[in-house]
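Enquirer: One structure, pasted below without further comment.
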Amino acid sequence: MKTALFFIIALLAFAGNSIIARYALLDNSIDPASFIWFRIVSGAVALWLLLGFLRRNLRRNVLQDDANSARGSWWGALTLSVYAIAFSYAYVVLETGFGALVLFAAVQLSMFGMNLVQGASVKLREWLGSAIALIGLGYLVAPTLQLPASWVSVVLMITAGTAWGFYSLHGRGSAAPLSDTTYNFTRAIAVVSVVLIWFIPDLMVSTKGILLAILSGAVTSGLGYAVWYLVLPRIQVSTAAIGQLSVPLIATVGGVLVADEKITWRLFIAACLIIGGILINVVRRR
567 MKTALFFIIA LLAFAGNSII ARYALLDNSI DPASFIWFRI VSGAVALWLL LGFLRRNLRR
627 NVLQDDANSA RGSWWGALTL SVYAIAFSYA YVVLETGFGA LVLFAAVQLS MFGMNLVQGA
687 SVKLREWLGS AIALIGLGYL VAPTLQLPAS WVSVVLMITA GTAWGFYSLH GRGSAAPLSD
747 TTYNFTRAIA VVSVVLIWFI PDLMVSTKGI LLAILSGAVT SGLGYAVWYL VLPRIQVSTA
807 AIGQLSVPLI ATVGGVLVAD EKITWRLFIA ACLIIGGILI NVVRRR
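The sequence shown begins at 567 in the numbering used here and counts up by one.
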């Protein structure tokens, strides 16, 4: 039950990230390089503050965290950085629905593909669940689909999805999710700082953009990704991959609840397909 709860919290955080990025980047409140930098730095700061608080106030391990031995890895930091950079720059060019479809298709392929390369088998039920959920996602965003203005942005979004898939698979080996995520974010600062310096002539920030980037970094990225690393060792690769297809659906439902948008038959049918695909994978035959 706890694993399911943490899984849902992580997916909600991912959906929150998408919504925040949409408001920050598409509204021209901040440029992609600055958004990435503030996002990663604020995530690292928030995680260090949380880690320090827990070390001082609790004697027992928190979230199964062994802070003395866990230091993350440069691979985790690199894949995190590549995802954040590629996603942000693709997001400002690609239409939202098409971008979501490309991103999560790449996540599926990278996670299933690496799982096969590592010698694991992918069952027919898992392929079927992924296909049905992906069809549901495609149906959800179909009204807004259009050919991209730049195919470079498509490559960037594929890169983002692949990097995130690798980052997620790497997290399956984490015995100390909070510490690993903290050190991954800390190392990633070096990578995103290079990007920030490279794009200095194009920097454009506002108070609104900075605050949104900090919210994304500290809450939906930093804490959300720590929860994700907590969940990953406890679930199947296919569940982690297919479950993420619900993120655009969650974001859409959030629009219904917050912005008083209407519930349409398209949303209902897409929800049935996406949730059905996830359940096909999760529910085991007895």
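All C-beta atoms, glycine included, are put in the ideal place defined by N, C-alpha and C.
In chain order, what residues of the same chain have a beta carbon less than 7 Å from the beta carbon of Val688, not counting five sequence neighbours either side?
Expert: These residues qualify, in order along the chain: Phe678, Asn681, Leu682 and Ser804.
Enquirer: Under 8 Å by Cβ, that's how I've got Leu706 and Thr818 pegged, so tell me the actual separation to the nearest angstrom.
Expert: Confirmed, about 7 Å.
Enquirer: Can you give me the C-alpha to C-alpha distance between Gly842 and Ile766, rounded to a whole angstrom?
Expert: Answer to the nearest angstrom: the Cα atoms are 46 Å apart.
Enquirer: May I ask you to report which of helix, strand or coil DSSP gives Ile801?
Expert: Ile801: coil per DSSP, three-state reduction.
Enquirer: On the three-state DSSP scale, how would you describe Val760?
Expert: Val760: helix per DSSP, three-state reduction.
Enquirer: If you follow the alpha helix (DSSP H) that Ile651 is part of, which residue opens it and which one closes it?
Expert: Note, Ile651: alpha helix (DSSP H), Trp640 to Tyr657.
Enquirer: Which whole-angstrom value describes the C-beta separation of Ala652 and Leu778, a residue pair presumed to lie in contact below a C-beta threshold of 8 Å?
Expert: Not a contact, Cβ separation roughly 19 Å.
Enquirer: Would you kindly work out how many angstroms separate the C-alpha atoms of Val721 and Tyr657, rounded to a whole number?
Expert: Approximately 12 Å, taken between the alpha carbons.
Enquirer: Note down, one range per segment and in chain order, each alpha helix (DSSP H) of at least 4 residues found wholly within the segment 734 to 793.
Expert: Complete alpha helix (DSSP H) runs here, min 4: 743 to 764 and 773 to 781.
Enquirer: With H, G and I counted as helix, E and B as strand and the rest as coil, what does DSSP make of Ile844?
Expert: Correct three-state label for Ile844: helix.
Enquirer: Between Arg520 and Phe670, what straight-line distance do the alpha-carbon atoms span, to the nearest angstrom?
Expert: No answer is possible for residue 520: the residues shown for the chain start at 567 and end at 852.
Enquirer: Out of curiosity, what's the CA-to-CA distance linking Phe573 and Ile808?
Expert: About 12 Å.
Enquirer: Determine the DSSP secondary structure at Ile829, reduced to helix, strand or coil.
Expert: Coil, per DSSP.
Enquirer: Report yes or no: do the segment 723 to 730 and the segment 660 to 676 share at least 3 C-beta pairs separated by less than 8 Å?
Expert: Counting Cβ pairs under 8 Å, three or more are found: they touch.
Enquirer: Would you call the segment 604 to 614 and the segment 743 to 755 in contact, with 3 or more CB pairs under 8 Å?
Expert: Flag = yes, the segment 604 to 614 and the segment 743 to 755 touch.
Enquirer: What do you get for Gly739, buried or exposed, if any count of 16 or more other CB atoms within 10 angstroms of its CB means buried?
Expert: Gly739 is exposed by the Cβ-count criterion.
Enquirer: Compare the beta carbon distance of Asp597 and Leu713 with 7 Å and say whether it is the shorter of the two.
Expert: Cβ atoms of Asp597 and Leu713: not closer than 7 Å.
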